[in-house]
Structures are given as structure tokens and as C-alpha cells.
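To start, the structure itself, in C-alpha cells.
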Amino acid sequence: MQTFPSVWITGATRTGKTARLVAQACEWMRVRKSGILVLAAIGDNRLELSDRLTDATQGKFPFRATTPLGFFEDEVTLFWSLLVQQLDLKAQFPVRLRPENEQELATKLWRVELDQAIAQSGIAEARLVRRVLDLMQLGALSGAAIEDIPAMLDQGLPKFEEGFSELPLSSETIGEMMQRWRSWCLRRGLLTYSLITDLYGRYLLHHPTYQEHLLERYQAVIADDVDEYPAIVRSLFEFLIDRQVPCAFSFNPDGAVRLGLGADPVYLAELSDRCSVVELSNRVSPCLMDDLGESILDLVTDPVFFASLPDTIQTIQTTTQAQLIRQTAEIIIKAVQSGTVEPRDIALIGPGIDPISRYALREILMRQNIPVEFLNDQRPLASSPIVRSLLTLLTLIYPGLGRSTNRDTIAEMLVILSQKSESPATYAIDPVRAGLLADHCFEPQPEQPRLLPANTFPRWDRLGYQASEAYESLVRWIELQRSQLEARMIASPVVMLDRAIQRFFLGGSHLPFDQLAGLRELMETAQHYWEIDDRLRRSDLSDAPQSLTVRNFIQLLRSGTVTANPYPVRLVQPNSVTLATVFQYRSMRRSHRWQFWLDAGSSRWLSGVDSLFAAPLFLQDWSGQVWDVEDTQRMNEQRLRRILLDLLGRAEARLFLCYSDLSTSGQEQTGILTSLVNAAIPLS
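Here the sequence shown is numbered in our numbering, starting from 50 and rising by one per residue.
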């Protein structure tokens, strides 16, 4: 069979790297026909890359599209029997732990160490647990063994009497906690992302039987945006290249969005030495970076540099943040209504967008019929009234949950569950009547709270026929479910939630997208939660009451750990303004004619790093020395340079710097972009 050299396609933002990669894939597919592995940095990029490949090949050639972590998970699951033999594990099908389950179970396992650390330092428990789990994840992504992590922490972090500055545990304790967690999970067949990555990179990839199957299944690899890939992926690529399996990579020197979250772009870039290098420099469409990039970088990084900027870059400057939000929205409204620009051509981007600003922008624009799309909106699942109402409903059906509900949650539930199917925005029970019913007909009890008949309320005639009928129907339905639960006719709370969604929301098909997404994520979370619960009951021979699991599930969701982001989701709003953080915008590879950089005076443009604790220590080019303040400052400056180059490469026509003299806390703003704001032309 004809052999091809591996290809390394490199270039700045929007220079056609992915298009060149797709063309390379098409060339190989015509020869190979099948056995093509396609990798993208994140799930959303995978969907887009799959669509482009399918269109380019007219769907004639099969390929497998996934992300690096998705590939590891599928391979570990598929070849689990090899790992069972190699590591002497119990022969049981593995189940992946979602992050919320991982956090909950690790907290229980590490209770003694956590209590001691919290007593000494006062650090939040959830934050402490997450940091230890993140260290495991960083170690796995870098290819480091758990046994090596304590020494790396001792070597790279400044130490204090109780541990490290931001992690009040000794390195020995951290290592023991991670080892215990790893063993606990493997004995029960539970897999976290860190365990999956570790098992694949350190064991499965080196197994001779697996290697034979890997080479049989894949004859070529297409990998987009490898500047976002973890170090461990290089081992896979090198194995394939060594066996003459052609690989095509795209790499953006100004990318590295996920640096600090496990990506190691410098280490991956060394693969170019083994490839035929293609350098792209011409952008697919004009952008501000072409003419202004170097001037802007000089203005930001050199305080004494001065340059006048053209009117394609302007400032919107106010005294307060509230004024800034309103003025920015008014400029957008005027531009859209005059036909100067379409909503789809506008992006609002900031280093971090607080909920109040996000809500205000959305409300002002929506009132003028300008839709707004939040990129990768990570709102807690419990922020949805529908989800909260379904959780409250569970407390009325399962015993022992009386302390998990109160008068206010009952009143909200009565309103939401009386939603009219023909008009989702209207309700049979309004908030006033719901409050009366909750005051007079809700009987709180620790063991079994109840909803009493409507006529328990002395003035029940004030409720009206519509509200009374809706309420009584709900009471009858709850009593029916409770009796069926006692008769063991309901398999699990997942079944109960599904019944409630069908009964009160007709399955959710008529709901707006955000509400439907919340219901989908609720069901996905519940199914996974009870799958894990079933595994633990069988492995630990537990006979804990079902109601205890329901209570823990309710507490988990109410804590805000789970977000309404079901998989896969592709929200299509063809003509809407985009609102996103810098990280989200760059991750999703968006570009727009107009960009508004929100909160341009904020220090977070430089210091608001999207990075995990101790992440630099897990980079392959770490010096081995203590990571100090100067190292952090240098990394932040490099990150800012990449952000500016990348964003300017995605701004086609105009840039607005939105600056307020005072922050939301009332402090004067003097962030790193202030010099840029001062050099730009004020918008009249």
C-alpha cells in the first residue's frame, strides 16, 4: 500500500489550517477508504470538523471523529479485559464517574484528611477536594505517575508549615489520598477522566495485543488544533508515526487556549520535526490583526510606546459599569436597527462576565428583538425553576425528605407544575394562589410532608375553579405515585422523574431550548447517579435506604455543582449576538465583523488565568525549579499576547473597547489594556 509522509500544518488564527487538514483527509480517504481517526480539541470543534469532512467527501468515506479524552475513554472501555488481566482487576464492566460524582465520593473517602486541613486553614472543602483531583488529572495528562506527583509538588511549590500556600496538605498526605482514591475506584470498576487517561497512556498503549488492534483499525490520523492537546497524546502519535501510519496535524502558535488545563503545546510542537511542514500565512478573510497587530501589542506591553489607532478601533467610556452596559447595548441596537450590521456579526467578549452584566445585556437587547447567544453557558442546573420544582416533587413522594423542602419551594412547585401545555408561559396556579395553598395546605413533617386537600384552606373558594382543579389533580397524582412506590412498582427515582416530566411537561417537547436543555441534563445526571449508586450497593453490599440517595442527589444539584449543559448540544440561533468569555470564544473558534471587548479596564485581562493549581509543574519543559511570582507574571504576559493576537485575528472590521472608570466594586480600573483604551478614538 502507498505510504504518505506525516504533515504538520502551522499558521496563525484563520489562515486556513483546518481547510488544509480537511483537504489532506480527503486525499488519504480516496486511497485508504476507511480506518481514518479524526481528532478535535473539544466536543464542539469535533461536531464542526465532522460536518466539514462529511460535506467534503459527500459522506462516502467513514471516519471516526472524537476528542483525545473521548478516544481514551472509548479505548479503555473497549479493551477493558486487557487491563483486567494486566492489573489484576475485578472482572466487571467499567462505569465512568462524572465530575460531580467524583467530587462527592472523593469527599467521603478523604473525610479525615479534609477535616484536619479545613480546621487548620479554613479552606473551603469543595475547593480542597477539587484541587487534589485536578492534580491527579494534570499528572495523568502529562504522563506522570501518581507516585511521582508528591516529589514534583515538593520541588516546584513554595512550602509552609501546614503544606503548600494554596493546598494545606503535606505532599505525602496528598500522594496517599490520590493512591487510595485510585485503588478505591478501580476495585469498583469506576473510572474518572484522570484514571482513564492514566490507564490508557501508561498501560493500554504499551500492551502488544492492543497495539496490534490499533494498527489494524487505523491507517491514518487527522488531528486539528494540537496546540490544545495534552502531552500524553504525543505518545500515541509517535507510536503511529513509527509504524508509518500517516498523521496530519494543525497547530496555531497563537492558540494554546487550554494551556494550564492540561494542554502542552510546546511539547506537542516538537512533533513537527517528524513531519513535512506546511506554513500558512494568508488569512481567509481580512482582520484587524493584519494592519494593527504589532502596534496594539506594543501599546499594551510597552508603557512608553505611543501610536494613534485608526477609527476601526474605538472606545466606549463611562464612569460606572452600569452606564457602560447600557451604552454598549444602545450602540448595538442602533447599529442593528439601522442595518449597519446584523446581530450574527457582533460578539461581546470579556475576561469574565458577571451574572448581572450578562442578564442586563440580554434583557436590553431582547426587548428590541435582538436575540443573544451565550457560548457554553454554565449556569447551575438548579437555577432552572422546572428542575427545582421536580426536586421538590421528589421530597413529597419519597419518605424521610421533609427537611429538604419548605413553604417557598412548595409554592414555586405549585406554579411551575401547573404550566399549561398549550401555552408554556401561562400557569393554572398563579404565585398568589400558590402562596395561599403553601401556607394553608402544606403539612410539613420530617418523615413525610404532605399536600392536604384544597378545602383545608378555610377560604378555598378564593382559589377559583382553575387553580383548585390543577392543585387537586397534582395531589391525586402524588398520592398515586406514593402508593406505587410503597408497592415497589417504581424501579428508581429516574423513572419517577421521567413520569413527572411526561405528566406535567408532556416530555418537554414544547418547551424553549434552555428549559429543554435543563430537563435533558437532569435526566442524564439522574441516570448516571443511580447507575453509580447501584454499582456501589452491589460492590459494598450496602442496604442504605433509597430515600438517602434521593436526599444526596437533591443536595448535589442544589449545591450548583451540575450545570445545564447536556451532550451533545448544538444550539442554532442563526442571527443572534454572541456573548462569551475570552476563553469560551477562543475555544469555540468564533469570528465576527464587530467585537466589543467588555470591561477593558479590568486586571483580569492579564491575571484572570483559566489555569488549574500547580499546572506549570506538569509541563514537559518545566525547569524543575520552584515556580515563583516572576514565572507566573511571565506566563500571564505570554498568555495575554496570545489572546490579543488570536482575538484580533477573529475581528474582521471593528473593535470597541468598553471601559468604565470604576469597577463593580467601585475601585478605579487600571488594567493592562488601559494604554490601549487611551490610544483609541472615543466613540462620539
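Idealized CB from N, CA, C, for every residue including glycine.
Remember, it's a predicted structure, so these values are computed and weren't measured experimentally.
Residue i and residue j closer than 7 Å at C-beta
i	j	result
V436	L571	yes
T246	L317	no
R600	L450	yes
I398	W643	no
S467	I459	no
S299	I58	yes
A166	P217	yes
I198	L184	yes
L373	A729	no
Y3	E124	Absent from the structure is residue 3, since the part of the chain shown begins at 50 and ends at 733.
G60	L329	yes
T241	L146	yes
Y520	L486	yes
L628	F423	yes
L445	I527	yes
T441	M415	no
P295	S83	no
N685	S656	yes
V737	R101	As shown, the chain starts at 50 and ends at 733. That puts residue 737 outside it, with no answer to give.
V631	I692	yes
L735	F286	Outside the shown range of the chain, which is 50 to 733, sits residue 735, and nothing can be said about it.
T52	Q293	yes
Exposure label - residue i; buried when at least 16 CB within 10 Å
i	result
L253	buried
S219	buried
L704	buried
G171	exposed
R482	buried
S232	exposed
E277	buried
N94	buried
V675	exposed
A297	buried
L529	exposed
Y514	exposed
Per DSSP, the bridge partner or partners of residue i
i	result
P731	T364
T612	P429
G399	T630
C296	V270
I735	Residue 735 is absent from the model: the chain starts at 50 and stops at 733.
T52	None, per the DSSP bridge assignment.
V181	None, per the DSSP bridge assignment.
Y708	Q366
K208	F213
E422	T627
A474	In the DSSP output, where bridge partners are listed per residue, A474 has none listed.
Beta-carbon contacts of residue i that lie in its chain and below 6 Å, excluding the five residues immediately before and after
i	result
L722	A649 and W654
L98	A89 and D273
M201	L666
W509	A503
V524	L500
H256	L131
S652	G720
F112	I85 and V87
T115	none
M545	I539
Same chain only: Cβ atoms within 8 Å of residue i, ignoring 5 sequence neighbours per side
i	result
D677	P207
W671	G205 and P665
E391	V385 and N624
A155	V178, V181, L182 and W230
C490	L500, L501, P502, A503, T505, F506 and Y520
V135	Here residue 135 is Gln; the residue named in the question, Val, does not match the sequence. Counting only Cβ-Cβ distances below 8 Å, and skipping sequence neighbours, we find Y252 and H256.
Y616	Reliability fails at Y616, whose pLDDT of 48 lies under 50, so the model's placement of it is uncertain and no value is given.
V726	T364, Q366, A649, G650, L706 and Y708
Beta-carbon contacts of residue i that lie in its chain and below 7 Å, excluding the five residues immediately before and after
i	result
G311	Q186, L187, L190 and P279
T713	Q370 and D403
R266	G84
Any non-hydrogen atom of the ligand ZN within 6 Å of residue i CB
i	result
A487	Judged by which ligands are present, the structure shown has none, so any question about the ligand ZN falls away.
Cβ of residue i within 7 Å of any chain D Cβ
i	result
F112	The structure shown contains no chain D; it holds only a single protein chain.
Exercise for the section: Determine, using beta-carbon pairs with one atom in the segment 577-590 and one in the segment 394-405, whether at least three such pairs fall under 8 Å. Expected result: no
Practice task
Answer yes if the segment 590-598 comes into contact with the segment 147-163, meaning at least three C-beta pairs across the two stretches below 8 Å, and no otherwise.
Solution key: no
Problem - Touch test, the segment 416-436 against the segment 560-577, Cβ-Cβ under 8 Å, three pairs minimum - result: yes
Handout entry: Cβ contact check for the segment 63-71 and the segment 322-338: 3 or more pairs under 8 Å
Key = yes
Exercise for the section: Answer yes if the segment 604-612 comes into contact with the segment 359-367, meaning at least three C-beta pairs across the two stretches below 8 Å, and no otherwise. Expected result: no
Practice task
Assess, as a yes-or-no matter, whether the segment 67-87 is touched by the segment 102-117 under the definition of 3 or more beta carbon pairs within less than 8 Å.
Solution key: yes
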